[in-house]
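For the record, the sequence lines run as chains D and H. If you read the first sequence in the working numbering, its first letter stands for residue 94, the second for the next number, and so on. If you read the second sequence in the working numbering, its first letter stands for residue 94, the second for the next number, and so on. One structure below.
Number of protein chains: 2
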Amino acid sequence: MLSRRQLYILQAIVDDYVQTAEPVGSRSISKREDVDFSAATIRNEMADLEDMGFLMKPHSSSGRIPSHKGYRLYVDQLLNETDNNHLGLITSVQQLFDSRVSEVEAVMRKTAAVLSEMTNYVSVVLGPAMSNTKLKQLQIIPLSTTQAVAILVTDSGHVENRTFDIPHNMSLSDLEKFVNILNEQLADSPIKQWEALMSNEIERLLRQHVDHYEKIHQDLSAAFKPKVNEQIFYNGMLNLLAQPEFKDVEKVKQMLEWLEDKKEVYSLLNAMNSQGLTVKIGEENRFELFDDISMITATYAIDGDTVGSIGLIGPTRMQYERAIQIITQMADGLSTSLTRLYRHDA
Amino acid sequence: MLSRRQLYILQAIVDDYVQTAEPVGSRSISKREDVDFSAATIRNEMADLEDMGFLMKPHSSSGRIPSHKGYRLYVDQLLNETDNNHLGLITSVQQLFDSRVSEVEAVMRKTAAVLSEMTNYVSVVLGPAMSNTKLKQLQIIPLSTTQAVAILVTDSGHVENRTFDIPHNMSLSDLEKFVNILNEQLADSPIKQWEALMSNEIERLLRQHVDHYEKIHQDLSAAFKPKVNEQIFYNGMLNLLAQPEFKDVEKVKQMLEWLEDKKEVYSLLNAMNSQGLTVKIGEENRFELFDDISMITATYAIDGDTVGSIGLIGPTRMQYERAIQIITQMADGLSTSLTRLYRHDA
DNA sequence: TGTTAGCACTCGAATATCTTGAGTGCTAAA
DNA sequence: TTTAGCACTCAAGATATTCGAGTGCTAACA
Numbered sequence: 094m095l096s097r098r099q100l101y102i103l104q105a106i107v108d109d110y111v112q113t114a115e116p117v118g119s120r121s122i123s124k125r126e127d128v129d130f131s132a133a134t135i136r137n138e139m140a141d142l143e144d145m146g147f148l149m150k151p152h153s154s155s156g157r158i159p160s161h162k163g164y165r166l167y168v169d170q171l172l173n174e175t176d177n178n179h180l181g182l183i184t185s186v187q188q189l190f191d192s193r194v195s196e197v198e199a200v201m202r203k204t205a206a207v208l209s210e211m212t213n214y215v216s217v218v219l220g221p222a223m224s225n226t227k228l229k230q231l232q233i234i235p236l237s238t239t240q241a242v243a244i245l246v247t248d249s250g251h252v253e254n255r256t257f258d259i260p261h262n263m264s265l266s267d268l269e270k271f272v273n274i275l276n277e278q279l280a281d282s283p284i285k286q287w288e289a290l291m292s293n294e295i296e297r298l299l300r301q302h303v304d305h306y307e308k309i310h311q312d313l314s315a316a317f318k319p320k321v322n323e324q325i326f327y328n329g330m331l332n333l334l335a336q337p338e339f340k341d342v343e344k345v346k347q348m349l350e351w352l353e354d355k356k357e358v359y360s361l362l363n364a365m366n367s368q369g370l371t372v373k374i375g376e377e378n379r380f381e382l383f384d385d386i387s388m389i390t391a392t393y394a395i396d397g398d399t400v401g402s403i404g405l406i407g408p409t410r411m412q413y414e415r416a417i418q419i420i421t422q423m424a425d426g427l428s429t430s431l432t433r434l435y436r437h438d439a
Numbered sequence: 094m095l096s097r098r099q100l101y102i103l104q105a106i107v108d109d110y111v112q113t114a115e116p117v118g119s120r121s122i123s124k125r126e127d128v129d130f131s132a133a134t135i136r137n138e139m140a141d142l143e144d145m146g147f148l149m150k151p152h153s154s155s156g157r158i159p160s161h162k163g164y165r166l167y168v169d170q171l172l173n174e175t176d177n178n179h180l181g182l183i184t185s186v187q188q189l190f191d192s193r194v195s196e197v198e199a200v201m202r203k204t205a206a207v208l209s210e211m212t213n214y215v216s217v218v219l220g221p222a223m224s225n226t227k228l229k230q231l232q233i234i235p236l237s238t239t240q241a242v243a244i245l246v247t248d249s250g251h252v253e254n255r256t257f258d259i260p261h262n263m264s265l266s267d268l269e270k271f272v273n274i275l276n277e278q279l280a281d282s283p284i285k286q287w288e289a290l291m292s293n294e295i296e297r298l299l300r301q302h303v304d305h306y307e308k309i310h311q312d313l314s315a316a317f318k319p320k321v322n323e324q325i326f327y328n329g330m331l332n333l334l335a336q337p338e339f340k341d342v343e344k345v346k347q348m349l350e351w352l353e354d355k356k357e358v359y360s361l362l363n364a365m366n367s368q369g370l371t372v373k374i375g376e377e378n379r380f381e382l383f384d385d386i387s388m389i390t391a392t393y394a395i396d397g398d399t400v401g402s403i404g405l406i407g408p409t410r411m412q413y414e415r416a417i418q419i420i421t422q423m424a425d426g427l428s429t430s431l432t433r434l435y436r437h438d439a
């Protein structure tokens, strides 16, 4: 068990290092006002903390930097004690959501923007999983004799559209019939049940009422399949470049490559989905490449159901306290905002 | 006027330097098979070329590199002479457009992706100016008693949607009337004329048939105003990082910042809009920051009318010949593909 | 007159050497 | 248990050294 003093020293080192990105020496700590023990004492404590694995030295005669284990302790134990309410932040976050943005996508984008702007880290926002939304209306608008647009509107106000070629042997009235049937049958059923519904009754109905159904089905099935994949929004990648840990172009490249491959980010974020606030430090992360990168995630909910998550990516040397405050606030605000947006059944 | 031999040497230097990014010395040129004059001769010629401003030395005892003027000459005179048809390229570019992608946005994205993949430079694609497209249909789909989605479909198959709050004092039947009037009046008129139309007859009609028009107008005008601003698609920013001219993080940062501010890129691309193929070398560019960056742009057209442009951004030390070939092909393919997409009046 | 070989000279880049100072660990005394 | 003191370490920065690719110039040659 760590003594009060040891905790103090660990905290001091993390705080210092987070700010300066330089190893922290015993003297610099002993100079603090509220420290009444000497540098030598601190050195002894440091040595102990190092033995326990909370600190490291970049080289044998340098100051200490926190190890991952050190950060972990800091985040888990030292942060909880601190006051979690810097009022300035809260209000400014809440303002964002009060300005009643009414498109889901706009809200997500804005969230990402604010998140990265406030923290100077990279923000990732995973759009809400739409699997529970229901079809509100399906609409076909012909553009010409050969092409038409299919428009899917969900009860959340999410709109998807796809241009498609009208199959040769399909008349306009056929098309209308086709759409009507789909509309009647699928309206108000959750998108995730479509596949199942489709293959049963509906298929029978269609086959019965629409000529050349088989052929048409092939051509159109793609157009009417909603993409359920949630979108990912980034913001503030440039912030990363300002950090000294990215002074090497090669690393920047790796990082950007990793971010560009959204699949990876997606699965990482998704994995955190049921866990509320999460702090992954350094190699705890899946992405082994980045030893000195941490990631904080938080989830947001609609009507109490967790539907997505937002994240912050920064150096392990991160302002955890501030970042956690901000991301928590954002997640809360996002939840409120989305719940309001989705609640049409008033 | 430059002699044949001087042109040859200039070309050799550009070609070499483009590949290696290292200053080119006289000996390395004299070693070429088709060179039957000595290094000393080349040195003399080089000195002359330098006097004329086509070459530079990074320092007094190094090999030569092309100056902007040198690149300019290379692009303007030396490239035109060469065979412009490496068959391999052309077919592979054309294939892309044969695969009948049917969403405009998808085509633009794909264009950007292919462009950067083939060249290893950054590609910029400016979406087609939609000012000539016409409204096909305007549709309102209520989500609840308080919210609805407005959907605009243009004759090009472009769909835009916006969620909005239904004004308190507006009944559903009012809303329907409202939409019907707009539909009747605006259908088949080009989007750019909307503003004008709106403020005249239509406003009168609306005022006549819809209660509380003034108040409603305020709330809804935003929802029905199409954003005409063309989209910008990038691709291949990572390619840049591989270039030695970007080994400095600071510069990478500047570049990404510049690209992120789409306004600038937009205006630059837009300025090129009426000029077909364009090659801007180094400081000829508006963006003075980047002395060693070149930009190639080409325009594409729908039915013969230029509607947008695509660009490639790379180091001044660029494979101009190849890049020009590729971008030209892409622009052509894009024109064909879009013309086909927009031509519904068959 | 144009071309070439030869040679002294230049200068960046890579490498080695020196210096400095922040920081440590250990010891011995308070 | 704490602290002062001191020898020791090592990265980082400053200087010096070496190396070689490349130049310009001169003089000889065709």
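Quick reminder that beta carbons are idealized off the backbone N, C-alpha and C, glycines included.
Alpha carbon to alpha carbon, how far is Glu377/D from Ser428/H? Along the first sequence, read from residue 1 onward, the residue named residue 377/D stands at position 284. Along the second sequence, read from residue 1 onward, the residue named residue 428/H stands at position 335. So the two alpha carbons sit approximately 50 Å from each other.
Leaving out five residues before and five after Asn328/H in sequence, what residues of the same chain have Cβ atoms less than 6 Å from its Cβ? Here residue 328/H corresponds to residue number 235 of the second sequence, with the count starting at 1. Non-local beta-carbon contacts of Asn328/H in its own chain, meaning distances under 6 Å to residues more than five positions away in sequence, involve Ala205, Ala206, Ser209 and Ser216 in chain order.
Cβ contact (3+ pairs, closer than 8 Å) linking the segment 269 to 278 of chain H and the segment 290 to 299 of chain H: yes
Given a cut-off of 8 Å on the beta-carbon distance, is the pair Lys270/D and His302/D in contact? Counting from one through the first sequence, the residue named residue 270/D turns up at place 177. Counting from one through the first sequence, the residue named residue 302/D turns up at place 209. Yes.
Since Pro159/H and Tyr110/H are thought to touch, with beta carbons under 8 Å apart, how far apart are those beta carbons, to the nearest angstrom? Counting from 1 along the second sequence, the entry for residue 159/H is found at position 66. Counting from 1 along the second sequence, the entry for residue 110/H is found at position 17. Indeed they touch by this definition, with Cβ atoms about 6 Å apart.
For Leu180/H, which of helix, strand or coil comes out of DSSP? The count along the second sequence starts at 1 and reaches residue 180/H at position 87. Residue placement at Leu180/H is poorly supported in this model, since its pLDDT is 49, which falls under 50; the coordinates are not used for a value here.
Opposite Lys227/H in the DSSP bridges: which residues? Mapped onto the second sequence, residue 227/H falls at position 134. Paired residue(s): Pro283/H.
Tell me where the alpha helix (DSSP H) around Asp127/D begins and ends. The residue given as residue 127/D occupies position 34 in the first sequence. Segment: none, Asp127/D is in no alpha helix (DSSP H) and carries neither H nor E.
I'd like to know if Arg120/D contacts chain H, where contact means its C-beta is closer than 8 Å to some C-beta of that chain. Residue 120/D sits at position 27 when you count from the first residue of the first sequence. Chain H has no Cβ within less than 8 Å of the Cβ of Arg120/D.
Residues of the segment 253 to 267 of chain H with Cβ closer than 8 Å to any Cβ of chain D, in chain order: Asn254, Arg255, Thr256, Phe257 and Asp258
For the ligand HEM, any of its heavy atoms closer than 7 Å to the Cβ of Ile395/D? Ligands in the displayed structure: none, and consequently the ligand HEM is not present.
Endpoints, the beta strand (DSSP E) within which Arg255/D is located: Taking the first sequence and counting its residues from 1, the one referred to as residue 255/D is at position 162. Segment Val252 to Asp258, the beta strand (DSSP E) holding Arg255/D.
Which runs of the alpha helix (DSSP H) fall wholly inside the segment 379 to 435 of chain D and span at least 4 residues, in chain order? Runs of the alpha helix (DSSP H) lying entirely within the segment 379 to 435 of chain D, each at least 4 residues long, are 413 to 435 in chain order.
Report yes or no: is there a C-beta of chain H within less than 8 Å of the C-beta of Gly407/D? As a working note, residue 407/D is residue 314 in the first sequence. Gly407/D does not count as touching chain H.
Chain D contact residues for Lys346/H, given Cβ-Cβ distances below 8 Å: Here residue 346/H corresponds to residue number 253 of the second sequence, with the count starting at 1. Ordered by position in chain D, the residues that pass the 8 Å Cβ test against Lys346/H are Leu331, Leu334 and Ala335.
With a threshold of 7 Å on Cβ separation, who are the neighbours of Ala114/D within its own chain once the five nearest residues in sequence on each side are excluded? On the first sequence, residue 114/D is found 21 positions in, with the first residue counted as 1. Exclusion of the five residues before and after Ala114/D leaves Pro337 and Arg410 as the residues of its chain whose Cβ lies within less than 7 Å of its Cβ.
Taking the alpha-carbon of Ile234/H as reference, which of Lys227/H, Gln368/H and Ala243/H has the nearest alpha-carbon? Start at 1 with the first residue of the second sequence, and residue 234/H comes out as number 141. Just measuring C-alpha positions, the residue of Lys227/H, Gln368/H and Ala243/H sitting nearest Ile234/H is Ala243/H.
As a quick exercise: from Pro221/H, Gly146/H, Ala394/H and Ser153/H, pick the residue whose alpha carbon is nearest that of Ile325/H. As a position in the second sequence, residue 325/H is number 232, starting the count at 1. Taking only the C-alpha atoms, the option nearest Ile325/H is Pro221/H.
For Asp248/D, decide whether its Cβ has a neighbour in chain H, counting only Cβ atoms nearer than 8 Å. The residue labelled residue 248/D in the question sits at position 155 within the first sequence. Output row for Asp248/D: interface = yes.
Counting only Cβ pairs nearer than 8 Å, list the residues of chain D close to Val473/H. Coverage of chain H is limited to positions 94 through 439, which leaves residue 473/H absent and any answer about it impossible.
Enumerate in chain order the residues of its own chain whose CB-to-CB distance from Val218/D is below 6 Å, with the five nearest sequence positions on each side excluded. On the first sequence, residue 218/D is found 125 positions in, with the first residue counted as 1. Met201, Thr204, Ala205, Phe326 and Ile403, listed in sequence order.
With a cut-off of 8 Å, does the C-beta of Glu353/D fall near any C-beta of chain H? The residue you call residue 353/D lines up with position 260 of the first sequence. Yes, its Cβ sits closer than 8 Å to a Cβ of chain H.
Test: Ala439/H CB closer than 8 Å to a CB of chain D: Taking the second sequence and counting its residues from 1, the one referred to as residue 439/H is at position 346. Low per-residue confidence applies at Ala439/H: pLDDT is 39, beneath 50, and the placement is therefore not dependable enough to give any value.
Report the CB separation of Leu431/H from Ile389/H in whole angstroms; it is logged as a contact under 8 Å. Here residue 431/H is taken as the residue at index 338 of the second sequence, counted from 1. Here residue 389/H is taken as the residue at index 296 of the second sequence, counted from 1. Contact doesn't hold; Cβ gap of about 20 Å is too wide.
What residues from chain D crowd round Leu427/H, counting only those whose CB sits closer than 9 Å? Position 334 of the second sequence, counted from the start, is the residue given in the question as residue 427/H. Result: empty, since nearest Cβ-Cβ is about 17 Å, beyond 9 Å.
Could you please give the first and the last residue of the uninterrupted alpha helix (DSSP H) stretch that includes Lys346/H? By 1-based counting over the second sequence, the position of residue 346/H is 253. Its alpha helix (DSSP H) spans residues Val342 to Glu353.
For Arg120/D, count neighbouring C-beta atoms within 10 Å of its own C-beta (all shown protein chains included) and say buried if the count is 16 or more, exposed if not. Translated into the one-based positions of the first sequence, residue 120/D becomes position 27. Exposed.
Using beta carbons (cut-off 8 Å, strictly below), is Leu180/H in contact with chain D? The residue labelled residue 180/H in the question sits at position 87 within the second sequence. In this prediction, Leu180/H scores a pLDDT of 49, lower than 50, which makes its location untrustworthy; no coordinate-derived value is stated.
Per-residue DSSP class, three states only, for Leu166/D: Position 73 of the first sequence, counting from 1, holds the residue named residue 166/D. Assigned with DSSP and collapsed to three states, Leu166/D falls in helix.
Strictly under 8 Å for the Cβ-Cβ distance: is Leu236/H near chain D by that measure? Translated into the one-based positions of the second sequence, residue 236/H becomes position 143. By this cut-off, Leu236/H is an interface position.
What span of residues does the alpha helix (DSSP H) with Ser209/H cover, start to end? As a first step, residue 209/H must be located in the second sequence, where it is residue number 116. Taken as a continuous stretch (DSSP letters only), the alpha helix (DSSP H) holding Ser209/H covers Val197 to Thr212.
Residues of chain H with CB under 7 Å from Lys229/D, in chain order? The residue labelled residue 229/D in the question sits at position 136 within the first sequence. Here the neighbours are Ile234 and Leu236.
Looking at Asp258/H and Asp304/H, is the spacing between their C-beta atoms short of 8 Å? Position 211 of the second sequence, counted from the first residue, corresponds to residue 304/H. Position 165 of the second sequence, counted from the first residue, corresponds to residue 258/H. It is not a contact, given that the beta carbons lie outside the stated cut-off.
Range covered by the beta strand (DSSP E) that runs through Val372/H: Within the second sequence, the letter at position 279 stands for residue 372/H. Note, Val372/H: beta strand (DSSP E), Thr371 to Lys373.
Proximal chain D residues relative to Val242/H, where beta-carbon distance stays under 7 Å: Reading the second sequence from its first residue, position 149 is the one you call residue 242/H. Under the 7 Å cutoff, chain D gives Val246, Gly250 and Val252.
Expressed to the nearest angstrom, what Euclidean distance is found between the alpha-carbon atoms of Glu143/H and Met149/H? Taking the second sequence and counting its residues from 1, the one referred to as residue 143/H is at position 50. Taking the second sequence and counting its residues from 1, the one referred to as residue 149/H is at position 56. Taking the straight line from one Cα to the other gives about 6 Å.
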